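Undergrad: Using the numbering used here, read the sequence shown as starting at 30 and increasing by one per residue.
Where is the CB? At the ideal position from N, CA and C, for every residue including glycine.
Fair warning: this is a prediction, and the values are worked out from it, not measured in the lab.
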Amino acid sequence: MSSPKTYSLNVIDGPPKGFNRTEIQWADHSMNPVRAFDPKTGKTGWACVKVSPGCANCYAENLNRVYGTGRPFTAAGMKGIEVRLDMGVLRGMLRSKPVIPAKAPDGVRRVFWEDMSDIGGEWMSEDWLIEILAWCAMRPDYEHMLLTKRPAHVAKLMRSIGLDDGVAVTKRFMQRWYEHPAKTYPMRGVQPPLWPIPNVRWGTSIESQKQVYRAQELQEIPASGRFISFEPLLSRVDVRSVMKPGSVQLFIVGGESGRSARPFCLHWARSLRDQARELGAAFFMKQMGGVVAMHFDEWNALTDGGTSGSAKFKLGHGHLGRWKPHDSSGGELAEFPDDLQIREWPAPLGVRA
Ligand code: SF4
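What follows is the structure, given as structure tokens:
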């Protein structure tokens with residue numbers, strides 16, 4: 030098998046762009062500076078390669094088909110694509126003013142990088158990672174959430190850019206700092222990055238027991254904080270055999286949404302809630318998704334007893350007579366069973382207000 034192409038750091042220059050708010054419950058902003066350019070068609074969009082069953086109904090791929098390059102998120106779809114870093118997106122983040130109230134009660138604002146791709150994709154090189162971490166360091170009042178399904182690749186890049194002192198990131202940070210002095214951007218209090226960067230939290234996604242190895246790989250990334258997103262959760266998962274207590278500070282759990290959503294069982298969420306307690310992590314119940322498997326008694330409680338039947342499990346899919354969540358992703362906290370109405374936040378990293 031040939032190794033995947035790694036892209037050199039090509040940039041799209043330009044003025045600052047808007048800094049998006051996000052509906053994602055555990056973040057305040059999302060941003061996608063990594064763009065895909067198709068030289069054949071001249072179209073720009075996003076790119077990724079599906080890596081495991083959690084990617085099957087990738088919303089980013091669907092958006093890319095309609096609004097982006099039109100390519101699928103496969104190795105073949107990456108052929109001929111140029112990956113570029115959009116400096117306007119980064120500059121937008123840098124100059125943004127935190128006017129909206131933070132979702133977390135302690136006021137920490139979290140930025141989710143690359144919700145349209147994988148920031149740790151095999152196509153990302155050391156140079157890409159150095160650049161991204163340098164920009165994270167330039168906005169120390171935000172907590173930067175970097176989520177990847179390829180933590181082994183990130184750990185490998187990290188090893189080669191300097192586990193001990195982060196010299197390469199610091200150099201890049203200084204270069205960017207002088208290009209964008211404080212008189213242009215509100216960068217008071219910014220210092221050369223310590224290592225690991227104090228305000229970066231690395232995360233990975235685990236959808237079933239088969240991907241638990243990623244939790245182990247995540248712990249090999251030098252990081253000030255870590256999180257795991259169990260979404261879309263597709264089976265019962267037990268991470269206790271591979272995780273040290275305290276090594277990951279946040280579990281996010283969610284069922285799948287969308288037309289092809291696969292069932293989500295509340296007992297899987299309860300098990301992860303209990304594991305989070307055992308491992309010293311905050312538990313954040315994000316959404317139940319569009320199709321929920323639950324015990325019949327629970328079904329009756331959630332639907333005010335408005336159903337009949339004797340099946341052990343029921344599936345709700347927004348149809349008449351079935352459980353219909355207020356929003357299509359089942360993300361309303363008040364609609365969750367009482368014992369899952371939990372949205373805890375991790376202790377903040379080295380984030381300055
Ligand atoms: S890694 Fe994320 S963006 Fe990439 S294909 Fe999978 S779900 Fe989509």
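1) Within 10 angstroms of the Cβ of Met122, are there 16 or more other Cβ atoms? Answer buried if so, exposed if not.
2) What do you reckon, are the CB atoms on Pro227 and Thr199 nearer than 9 angstroms?
3) Hey, Met145 and Asn86: beta-carbon distance below 9 angstroms or not?
4) Just mark Ser31 as buried or exposed, buried being the case when its beta carbon has 16 or more other beta carbons within 10 Å.
5) Please tell me whether, using a cut-off of 8 angstroms, the distance from the CB of Glu90 to the nearest non-hydrogen atom of the ligand SF4 is below it.
6) Quick test of your reading: Trp75 and Ile281, contact by CB under 8 angstroms. State the CB separation rounded to the nearest angstrom.
7) Per DSSP, Ala65 forms a beta bridge with which residues?
8) Between the Cα of Asn61 and those of Ala244, Leu295, Pro68, Ile41, spot the shortest distance and give me the residue it belongs to.
9) Give me the Cβ distance between Ser237 and Val266, rounded to the nearest whole Å; I'm assuming they're in contact under 8 angstroms.
10) Contact check, Glu160 vs Val137 under 8 angstroms by CB: the rounded distance?
11) Thinking Leu175 and Trp142 are a contact (beta carbons under 8 angstroms), I'd like their distance in whole angstroms, please.
12) Does any residue of chain D bring its CB to less than 9 angstroms from the CB of Gly195?
13) Who are the Cβ neighbours of Leu162 in its own chain at under 6 angstroms, not counting the five residues just before and after it?
14) Does the ligand SF4 have a heavy atom nearer than 8 angstroms to the CB of Gly74?
15) Drop a sphere of 10 angstroms on the beta-carbon of Val63, count the other beta-carbons inside from all chains shown, and report buried for 16 or more, exposed for fewer.
16) Which value, in whole angstroms, describes the spacing of the CA atoms of Pro377 and Pro44?
17) Grab me the residues of Gly379's own chain with a C-beta within less than 6 angstroms of its C-beta, minus the 5 sequence neighbours each way, in chain order.
18) Tell me which residue opens and which closes the alpha helix (DSSP H) that Glu307 is part of.
TA: Judging by the given coordinates:
1) Counting from one through the sequence shown, the residue named residue 122 turns up at place 93. By the 10 Å Cβ count, Met122 comes out buried.
2) Stepping through the sequence shown from its first residue, residue 227 is reached at position 198. Stepping through the sequence shown from its first residue, residue 199 is reached at position 170. Their beta carbons are not under 9 angstroms apart, which means Pro227 does not touch Thr199 by this criterion.
3) Taking the sequence shown and counting its residues from 1, the one referred to as residue 145 is at position 116. Taking the sequence shown and counting its residues from 1, the one referred to as residue 86 is at position 57. No; because the gap between Cβ atoms is not below 9 angstroms, this pair is not in contact.
4) Position 2 of the sequence shown, counting from 1, holds the residue named residue 31. With a pLDDT of 49 at Ser31, under the threshold of 50, the modelled position of this residue cannot be trusted, and the question is left open.
5) Numbered from 1 along the sequence shown, position 61 holds the residue referred to as residue 90. True, at least one ligand heavy atom lies under 8 angstroms from that Cβ.
6) As a first step, residue 75 must be located in the sequence shown, where it is residue number 46. As a first step, residue 281 must be located in the sequence shown, where it is residue number 252. Contact flag wrong, Cβ pair sits at about 22 angstroms.
7) If you number the sequence shown from 1, residue 65 lands on position 36. Bridge partners of Ala65: Gly74, Val112.
8) Position 32 of the sequence shown, counted from the start, is the residue given in the question as residue 61. The residue with the shortest Cα to Cα distance from Asn61 is Ile41.
9) For the purposes of this step, residue 237 is taken as the residue at position 208 of the sequence shown. For the purposes of this step, residue 266 is taken as the residue at position 237 of the sequence shown. Indeed, because the Cβ distance is near 6 angstroms, the residues count as touching under 8 angstroms.
10) Numbered from 1 along the sequence shown, position 131 holds the residue referred to as residue 160. Numbered from 1 along the sequence shown, position 108 holds the residue referred to as residue 137. With a Cβ gap of about 24 angstroms, Glu160 and Val137 do not count as contacting.
11) The residue given as residue 175 occupies position 146 in the sequence shown. The residue given as residue 142 occupies position 113 in the sequence shown. Their Cβ separation, rounded to whole angstroms, is 5 angstroms, which keeps Leu175 and Trp142 in contact under 8 angstroms.
12) The chain labelled as chain D is not found in the depicted structure, where only one protein chain is given.
13) Mapped onto the sequence shown, residue 162 falls at position 133. Excluding sequence neighbours, Leu162 sits near Val198, Ile226.
14) By 1-based counting over the sequence shown, the position of residue 74 is 45. Not under cutoff, so the answer is no.
15) The sequence position of residue 63 within the sequence shown is 34, counting from 1. Buried: at least 16 other Cβ atoms inside 10 Å.
16) The residue labelled residue 377 in the question sits at position 348 within the sequence shown. The residue labelled residue 44 in the question sits at position 15 within the sequence shown. Cα to Cα, the separation comes out at about 31 angstroms.
17) Taking the first residue of the sequence shown as 1, we reach residue 379 at position 350. Pro227, Asn228, listed in sequence order.
18) Sequence index remark: in the sequence shown, residue 307 carries index 278 (1-based). That run of the alpha helix (DSSP H) goes 295 to 308.
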